[in-house]
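K.L.:
Numbering (our numbering), first residue to last: 701 to 812.
Even for Gly, the Cβ is constructed at its ideal location relative to N, Cα and C.
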C-alpha cells in the first residue's frame with residue numbers, strides 16, 4: 701500500500717514539469733517579440749533657463765549647457781528666455797520651456 705503511494709507521488713513529480721511548459725500570454729500585444737533596429741535620437745527636454753548679464757545657461761535633460769555646448773549629438777546654438785535652439789546633422793530644433801498646448805473644457809450634452 702505504501703509502495704503504491706510512493707509510486708503515485710513519484711509519477712506525479714515526473715509528470716508535473718511536462719504541464720509547466722512555456723505558456724503564451726494572452727494579453728501580450730501582437731508582434732511584441734519583434735525588436736526594432738532603428739536608432740532613435742534621445743528625447744531632449746528643456747527644464748530651465750538662466751540668463752544673467754552675458755551668461756546664459758540652460759538645463760536640458762538635467763544637464764547644464766551653454767551656447768556652443770554639445771548634448772546628445774546636438775550643438776546648442778542659442779539660449780533665449782523661453783527657448784533653446786539646437787543643431788543636429790544640419791537641422792535646427794527649438795526646445796521650448798513652456799508647454800504651448802492649451803487645454804480647454806469640452807462641451808457636454810447639457811451645455812449644447
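Classify residue 760: buried if its beta carbon has 16 or more other beta carbons within 10 angstroms, exposed otherwise.
P.N.:
buried
K.L.:
Short check: CB of residue 786 to CB of residue 796, under 8 Å?
P.N.:
Going by C-beta atoms, residue 786 is not nearer than 8 Å to residue 796.
K.L.:
Could you name the residues of the same chain whose beta carbon sits closer than 8 Å to that of residue 792, not counting the 5 residues immediately before and after it, in chain order?
P.N.:
777, 785 and 786
K.L.:
With 16 as the cutoff for other CB atoms within 10 Å, does residue 751 come out buried or exposed?
P.N.:
Note on residue 751: under 16 other CB atoms within 10 angstroms of its CB, so exposed under the neighbour-count rule.
K.L.:
Is it buried or exposed for residue 746, if we count other Cβ within 10 angstroms and need 16 for buried?
P.N.:
Burial call: buried.
K.L.:
Tell me which same chain residues have a C-beta within less than 7 Å of the C-beta of residue 781, skipping the five on either side of it?
P.N.:
749 and 751
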